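Each residue of the sequence shown is one higher than the last, beginning at 274 in my numbering.
Every residue gets a Cβ at the ideal spot worked out from N, C-alpha and C, and that includes glycine.
Just so you know, these numbers come straight off a predicted model, no measurement behind them.
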Amino acid sequence: MKAIVTPLLLLVAACLEVGGDAVIRTGLKSQTGSAQLSTIFLGGVVLLAYGIFVNIAPADFGRSLGVYVVIFFIVAQLVNLFAFGIRPSTPILAGGAFMLVGGLIITLWKA
Numbered sequence: 274m275k276a277i278v279t280p281l282l283l284l285v286a287a288c289l290e291v292g293g294d295a296v297i298r299t300g301l302k303s304q305t306g307s308a309q310l311s312t313i314f315l316g317g318v319v320l321l322a323y324g325i326f327v328n329i330a331p332a333d334f335g336r337s338l339g340v341y342v343v344i345f346f347i348v349a350q351l352v353n354l355f356a357f358g359i360r361p362s363t364p365i366l367a368g369g370a371f372m373l374v375g376g377l378i379i380t381l382w383k384a
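#1: Go ahead and pull the three-state DSSP assignment for proline 364.
#2: Using beta-carbon positions only, say whether alanine 330 and leucine 289 come within less than 7 Å of one another.
#3: Which residue marks the beginning of the alpha helix (DSSP H) containing glycine 358, and which one marks its end?
#4: Roughly how far, in whole angstroms, is the beta-carbon of leucine 284 from the beta-carbon of isoleucine 344, given that I think they are within contact range, below 8 Å?
#5: With three or more C-beta pairs closer than 8 Å as the rule, is the stretch 359-373 touching the stretch 291-308?
#6: Is it a yes or a no for the stretch 364-382 touching the stretch 344-355, going by three-plus beta-carbon pairs under 8 Å?
#7: Run through the stretch 293-367 for me and flag every whole alpha helix (DSSP H) of 4 or more residues, listed as ranges in chain order.
So this is what it looks like as structure tokens:
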């Protein structure tokens, strides 16, 4: 059960973190006045939810956050592509490949 719950909680957390960051970025760049403050506040609420989800995952904190970084990277690239229209560059993909290898080591290496 833990093997299924932890990745799902980390995926939800990554979506919330990336989403909250995207909401704040949108508010900062495209709005002014009370609409801007409301959007930034909403992003902060979403980031608070991220903090809860990433910390309720039933796994070792260091191990789960090591894997979380990989999930976060993938979600961030997808949001950057679909929400902002920015494709990941070759250096970003190469660095992401190293992150993926690190995540696999953290996940699969039973010490």
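Quick look at the numbers:
#1: Mapped onto the sequence shown, residue 364 falls at position 91. The answer is helix: DSSP assigns proline 364 an H, G or I state.
#2: For the purposes of this step, residue 330 is taken as residue 57 along the sequence shown, with counting starting at 1. For the purposes of this step, residue 289 is taken as residue 16 along the sequence shown, with counting starting at 1. Cβ atoms of alanine 330 and leucine 289: not closer than 7 Å.
#3: Position 85 of the sequence shown, counted from the start, is the residue given in the question as residue 358. Looking at the DSSP string, glycine 358 is not in any alpha helix (DSSP H), and its letter there is neither H nor E.
#4: Taking the sequence shown and counting its residues from 1, the one referred to as residue 284 is at position 11. Taking the sequence shown and counting its residues from 1, the one referred to as residue 344 is at position 71. With 8 Å as the limit, leucine 284 and isoleucine 344 qualify as a contact, their Cβ atoms being about 6 Å apart.
#5: no
#6: yes
#7: 306-329, 334-357
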